[in-house]
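The sequence shown begins at 317 in the working numbering and counts up one residue at a time.
First the structure, in the form of structure tokens, and then the observations on it.
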Amino acid sequence: IDSSDGLAWSLYELLDASNVGFIIDNLPVAKEAVEFSSIYGLDPYELSLYGGEEYELIVTIDPDFWEESKRSVEKSGGSLIKIGVTTKEKKIVLKLDGEIRGIERRGWEHFRI
317 IDSSDGLAWS
327 LYELLDASNV
337 GFIIDNLPVA
347 KEAVEFSSIY
357 GLDPYELSLY
367 GGEEYELIVT
377 IDPDFWEESK
387 RSVEKSGGSL
397 IKIGVTTKEK
407 KIVLKLDGEI
417 RGIERRGWEH
427 FRI
């Protein structure tokens, strides 16, 4: 699934389709997002979770195949970033500096009236 509707929204789409939850413990935040956030008093993690238009792919990979998958993607000029793990509990949380925060189901909804 791609993240163009926002990472949080896309993770919830995966949760619904796969019946798993996620612990996000390595949320990528661009340095530009950190700078922008500090200027405008925003939370860079909120921007990373609920913004959109990144067009990155979100995939789940069995841990036994992580290294092989990473090498294969790098061989073709791409990269993989591990942002977290799946869980049996159907919820999504952000683990940041030892603190756990819930991730809301929000993002871009195409057909919302």
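For every residue, glycine included, the Cβ atom is placed at its ideal position computed from N, Cα and C.
Mark residue 328 as exposed unless 16 or more other C-beta atoms lie within 10 angstroms of its C-beta, in which case mark it buried.
-> buried
Do residue 368 and residue 325 have their CB atoms nearer than 9 Å?
-> yes
Pairwise C-alpha distance: residue 410 and residue 376 = 17 Å
DSSP state of residue 378, grouped into three classes?
-> coil
According to the neighbour-count rule (16 or more other Cβ atoms, all chains shown, within 10 Å of its Cβ), is residue 412 buried or exposed?
-> exposed
In this structure, does DSSP put residue 422 in helix, strand or coil?
-> coil
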